[in-house]
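Student: Once you've had a glance at the structure underneath, I'll fire off some questions.
Residue numbers (this note's numbering), protein chains in the order written: chain A, 1 to 245; chain B, 246 to 298.
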């Protein structure tokens, strides 16, 4: 169950590369891997906490005010995470800037709250939060790695392509982010849309089904007794029509 | 009437809980934030209060 949910969050239903949610921070905060890791972990923490509390309160929150309640809860946790980052990791807080409070409007968090946490128990909701957050962080790190290595020749600030490497600035710019994300989305689509192999047994069963379908198409003989009944009904209908006229 | 009271009450209770949580976190982090960002809104409000006194 746990591995299945994790696989769904990272590959089959990745929030960034499959569902295309949270593109704003993905484009803006992936100029280097440190920023991508920071915003990814912050989103994952908010996703975990909001899923936990929304799942706990799902029976208490009336249906009409659920979105308002979810937004209050999510905004509270985002503010808490922002304060903690600014207090204990001031450098990261400064580099994330406005994108840290903007986690409130990240579609992934409200989407998971509405589609999963509000309908499931606490433990599956927590697992879903972790899986989706991990998938989002993973995707951000992949995009940021490509952009930082090609665009600056570094990874986590460490020079990996040598001093003589001439950086391609295009990848650091927003257009580079669009191209990188587009290529990754196409790759993900290709990887996850393999035709599934059909086992031999199922082919045999399909053939047998087609045989039975042919049999059904043959004309059905009506027994003599039923024919008589049908004729009687027809006569009664004709008499009734004549009486009406 | 009871339904409206319940709906409004739930939202108010959730909001109050969130504000309480943020107040507690702010209590522990405000000094650190002020240290790192002396020009932040929190430190500015402290200065204004001091000038008023």
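Glycine is no exception: its CB is placed at the ideal position from the N, C-alpha and C atoms.
Across the region 145–164 of chain A and the region 122–129 of chain A, are there enough close Cβ pairs to call them in contact, namely three or more that are closer than 8 Å?
Tutor: Too few Cβ pairs lie closer than 8 Å, so no.
Student: Using a Cβ-Cβ cutoff of less than 7 Å, which residues in the same chain neighbour residue 169 of chain A once the five nearest sequence positions on both sides are dropped?
Tutor: Correct list, in chain order: 151.
Student: Would you mind telling me which residues of chain B sit closer than 7 Å to residue 76 of chain A, beta carbon to beta carbon, in chain order?
Tutor: Within 7 Å Cβ-Cβ: 263, 266, 267.
Student: Closer than 9 Å between beta carbons: that is the criterion. Which residues of the region 61–88 of chain A meet it against chain B?
Tutor: Cβ contacts with chain B come from 61, 62, 64, 65, 68, 69, 72, 73, 75, 76, 77, 79, 80, 83, 84, 86, 87, 88.
Student: Ignoring anything shorter than 4 residues or poking outside the region 96–146 of chain A, list the alpha helix (DSSP H) runs there in chain order.
Tutor: Counting whole runs of 4 or more residues, the region 96–146 of chain A contains the alpha helix (DSSP H) stretches 107–112.
Student: Under the rule that 16 or more other beta-carbon atoms within 10 Å means buried, what is residue 25 of chain A, buried or exposed?
Tutor: The residue in question, residue 25 of chain A, is buried, as its Cβ has 16 or more Cβ neighbours within 10 Å.
Student: Name the residue from A/27, A/9, A/134 whose alpha carbon lies nearest to the alpha carbon of residue 178 of chain A.
Tutor: If we check each option's Cα against that of residue 178 of chain A, A/27 comes out closest.
Student: Once DSSP output is grouped into helix, strand and coil, what is the label at residue 14 of chain A?
Tutor: Residue 14 of chain A: coil per DSSP, three-state reduction.
Student: Which of the residues in the region 94–111 of chain A, read from start to end, lie with their CB under 7 Å from any CB of chain B?
Tutor: So nothing in the stretch comes that close.
Student: Let me see if you follow: with CB-CB separation under 8 Å, is residue 277 of chain B close to chain A or not?
Tutor: Yes, residue 277 of chain B lies at the interface with chain A (some Cβ there is under 8 Å from its Cβ).
Student: Is it the case that the region 72–86 of chain A contacts the region 99–108 of chain A, given that we only count it when at least three CB pairs across the two stretches are under 8 Å?
Tutor: The region 99–108 of chain A, when compared against the region 72–86 of chain A, does touch it at the 8 Å Cβ threshold.
Student: Between the region 21–32 of chain A and chain B, which residues of the former have a C-beta closer than 7 Å to a C-beta of the latter?
Tutor: Within the region 21–32 of chain A, no residue has a Cβ that lies closer than 7 Å to any Cβ of chain B.
Student: Using only the alpha-carbon positions, how far apart do residue 269 of chain B and residue 59 of chain A sit?
Tutor: In a straight line, the C-alpha of residue 269 of chain B is about 27 Å away from that of residue 59 of chain A.
Student: Given residue 142 of chain A, which residues of its chain have a CB within under 7 Å of its CB, disregarding the five upstream and five downstream residues?
Tutor: Same-chain partners within the cutoff: 184.
Student: Sort A/123, A/136, A/117 by Cα distance to residue 21 of chain A and report the nearest one.
Tutor: Checking every option, the nearest Cα to that of residue 21 of chain A belongs to A/136.
Student: Taking the alpha carbon of residue 32 of chain A as the reference point, which residue from A/144, A/133, A/79, A/46 has its own alpha carbon closest?
Tutor: Residue A/144 is the option with its Cα nearest to residue 32 of chain A.
Student: Could you tell me whether the Cβ atoms of residue 86 of chain A and residue 281 of chain B are closer together than 8 Å?
Tutor: The answer is yes: Cβ separation under 8 Å.
Student: Thinking C-alpha only, which one of A/172, A/11, A/55 is nearest residue 189 of chain A?
Tutor: Of the listed residues, the one whose Cα sits closest to residue 189 of chain A is A/11.
Student: Could you give the residue range of the alpha helix (DSSP H) that holds residue 21 of chain A?
Tutor: From DSSP, residue 21 of chain A is part of no alpha helix (DSSP H); its letter is neither H nor E.
Student: If you follow the alpha helix (DSSP H) that residue 58 of chain A is in, where does it begin and where does it stop?
Tutor: Careful: residue 58 of chain A lies outside any alpha helix (DSSP H) and carries neither H nor E.
Student: Should the region 160–168 of chain A be called in touch with the region 35–53 of chain A, which here means at least 3 C-beta pairs below 8 Å?
Tutor: No contact exists between the region 160–168 of chain A and the region 35–53 of chain A.
Student: Cβ of residue 108 of chain A within 7 Å of any heavy atom in the ligand MG?
Tutor: Because no ligand of any kind appears in the structure shown, any question about the ligand MG cannot be addressed here.
Student: Helix, strand or coil: how does DSSP classify residue 32 of chain A here?
Tutor: Coil at residue 32 of chain A, not helix or strand.
Student: I need the straight-line Cα distance from residue 256 of chain B to residue 93 of chain A, nearest angstrom please.
Tutor: Spanning the two alpha carbons is a distance of roughly 30 Å.
Student: Based on Cα-Cα distance, which residue from A/182, A/157, A/115 lies nearest to residue 67 of chain A?
Tutor: Out of A/182, A/157, A/115, A/115 has the C-alpha closest to the C-alpha of residue 67 of chain A.
Student: Starting from the Cα of residue 1 of chain A, find the closest Cα among A/64, A/19, A/157, A/124 and give me that residue.
Tutor: Of the listed residues, the one whose Cα sits closest to residue 1 of chain A is A/124.
Student: List the residues of chain A whose Cβ lies closer than 7 Å to the Cβ of residue 256 of chain B, in chain order.
Tutor: Those within 7 Å of residue 256 of chain B in chain A are 65, 68, 69.
Student: Quick one, are the C-beta atoms of residue 140 of chain A and residue 9 of chain A less than 8 Å apart?
Tutor: No, they are not a contact pair.
Student: Give the single residue among A/110, A/14, A/236 whose Cα lies nearest to the Cα of residue 52 of chain A.
Tutor: It is A/110.
Student: Using the Cα positions of residue 95 of chain A and residue 35 of chain A, report the straight-line distance between them to the nearest angstrom.
Tutor: About 7 Å.
Student: Shorter than 8 Å from the beta carbon of residue 124 of chain A to some beta carbon of chain B?
Tutor: No - not a single Cβ of chain B is within 8 Å of the one on residue 124 of chain A.
Student: I'd like to know whether the C-beta of residue 90 of chain A is nearer than 8 Å to at least one C-beta of chain B.
Tutor: Closer than 8 Å: yes.
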